[in-house]
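By the count of the numbering used here, the sequence shown reaches residue 259 at its end, each step adding exactly one.
Cβ atoms here follow ideal geometry from the backbone N, Cα and C, with glycine treated the same way.
Input: a single structure, listed below in structure tokens.
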Amino acid sequence: MYQLNHKKGNALITVLLIITIFMILFLSSTGQASTNVKLKRVVEKSNQSTAIAEMGL
Numbered sequence: 203m204y205q206l207n208h209k210k211g212n213a214l215i216t217v218l219l220i221i222t223i224f225m226i227l228f229l230s231s232t233g234q235a236s237t238n239v240k241l242k243r244v245v246e247k248s249n250q251s252t253a254i255a256e257m258g259l
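Following this line, the structure appears as structure tokens:
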């Protein structure tokens, strides 16, 4: 009986570790994607401002 409970405990710990690792990877990639979107918007506004200034408007 003790071995069965011990194996279940090990399986639970393993599953929790795997879930934690995947969550860390997911959250870090989501944060990076959000940063890239913000950076793209800034670059587009800068390019638009430069184009307008060069046209003399």
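Distance between residue j and residue i (C-alpha atoms, nearest Å)
i    : j    : result
G211 : I223 : 18 angstroms
S236 : A213 : 35 angstroms
S251 : M257 : 10 angstroms
T216 : T232 : 24 angstroms
I221 : I254 : 50 angstroms
V245 : V239 : 10 angstroms
R243 : S230 : 20 angstroms
Q234 : K209 : 38 angstroms
Short CB-CB distance (under 8 angstroms) between residue i and chain B
i    : result
S236 : Going by chain labels, chain B is absent from the structure shown, which holds only one protein chain.
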